[in-house]
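J.: Let me give you the structure first, and then I'll get to my questions.
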Amino acid sequence: MKKISIAIDGPASSGKSTVAKILAEKMNYIYCDTGAMYRAVTYLAISSKTNLEDGPALCALLSKHSISFKQQSDGQLVFVDEEDVTEAIRQQDVTNSVSIVAAHGEVREKLVELQQTIGKKGGIVMDGRDIGTTVLPDAEVKIFLVASVEERAERRYKENISKGIETDFETLKKEIERRDRIDSTREVSPLVQAEDAVRIDTTGMSISEVVEAIEAVISEKLGLD
Ligand code: DC
-2 MKKISIAIDG
8 PASSGKSTVA
18 KILAEKMNYI
28 YCDTGAMYRA
38 VTYLAISSKT
48 NLEDGPALCA
58 LLSKHSISFK
68 QQSDGQLVFV
78 DEEDVTEAIR
88 QQDVTNSVSI
98 VAAHGEVREK
108 LVELQQTIGK
118 KGGIVMDGRD
128 IGTTVLPDAE
138 VKIFLVASVE
148 ERAERRYKEN
158 ISKGIETDFE
168 TLKKEIERRD
178 RIDSTREVSP
188 LVQAEDAVRI
198 DTTGMSISEV
208 VEAIEAVISE
218 KLGLD
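Using our numbering, the letters of the sequence shown map in sequence onto residues -2 to 222.
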C-alpha cells in the first residue's frame, strides 16, 4: 500500500505525541516530533546563554549544530550534535521558553526545511502546530487534536507525578494557557487548524479511543471502508 503522510497538529498537551508515536509504530512509519526540534534549539540557546529574543543569533546557533533523532526499541532519542538531550528538552526551563524561540520566523524557516526533508518520502507521522498548514500542506491525512485546558493540565500533572516531578495543578494550567496564547497569536505560522484537517476533541477520550478515531479517518481518506 502507498505510504502516506499524516499531519497531527494541536495545542500543548493535547496528546499529539502519544498518539502519533503509537500510529507510526502500528503503521511502520517514521515518527517526527517537531516540538522536540524547537525544544532542542531552546536548550541550545539556554546552554549557550544566547538571547531568546534574538532571532538571527538563534539561527546562527542552529547553523553551527545539528539536531537529529535516533530510533530506539523503547522510543525516540533526540540529539544535539553528539549529545543526547531527550530528557533535558523536557525540563521546565526549556518548556517555559520554547514558545518564545518558536515565534521567530527565521528559526521556523530552518526547522521547517529540515522537517520537509525528513517527510519528503512519505510514510511519516509528524506532529506539531503547523504541519498541516505549512510543513506538509499536501499530507493525505490531517488531524487537529484539541482538549479542554483542564484536561490537558490534568494529563500533564499525572505525567509529572509518574516521573516523580511535583507540580502545582493551577501553575500547570496557567503555563498551558500561556503557551496556547503565544503559539496561537504569533505572526509566523500560528497554531491554526488547516481547512482540510479533521478536528477531534479528545476531552474524556482514552489514548486508544483517539488512535481508533484517527485510524477511522485514515481508512476513510484512503477509501478503505
Ligand atoms: O509540542 P511541544 O509542546 O513539544 O512543542 C514545543 C513548542 O514548540 C510549543 O510551544 C510550540 C512550538 N512548536 C511550533 O511552534 N511548531 C511546531 N511544529 C511544533 C512545536
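Don't be surprised by glycine CBs; every beta carbon is placed ideally from N, CA and C.
Where do the N-terminal and C-terminal ends of the beta strand (DSSP E) with D6 fall, by residue?
T.: Where D6 is concerned, the enclosing beta strand (DSSP E) stretches over S2 to D6.
J.: Given 7 Å as the limit, tell me if R126 has its C-beta closer than that to any heavy atom belonging to the ligand DC.
T.: R126: yes, Cβ under 7 Å from the ligand DC.
J.: A33: which of F76, M(-2), E80 and E22 sits nearest, CA to CA?
T.: For A33, the nearest C-alpha among the options comes from F76.
J.: Check each candidate in K139, A37 and G129 and name the one with the smallest Cα separation from L58.
T.: Ranking K139, A37 and G129 by Cα distance to L58 puts A37 first.
J.: Going by DSSP, what residues sit across from K139 in a beta bridge?
T.: BP columns for K139 point to A4.
J.: Can you list, in chain order, the residues of its chain whose CB lies under 7 Å from that of V214, leaving out five sequence neighbours each side?
T.: So the qualifying residues of the chain are V138, I140 and V195.
J.: Determine the burial state of P134: buried for a count of at least 16 other Cβ atoms within 10 Å of its Cβ, exposed for fewer.
T.: It counts as exposed.
J.: Among the candidates I173, V98, L74 and C29, whose CA atom is the shortest distance from the CA of T114?
T.: Closest by alpha carbon: C29.
J.: Pull up the distance between the alpha-carbon of M123 and that of K13, whole angstroms please.
T.: C-alpha separation (whole angstroms): 9 Å.
J.: Looking at I1: is its Cβ nearer than 8 Å to the Cβ of A17?
T.: Cβ atoms of I1 and A17: not closer than 8 Å.
J.: The beta strand (DSSP E) spanning K67 covers which residue range?
T.: That run of the beta strand (DSSP E) goes I64 to Q69.
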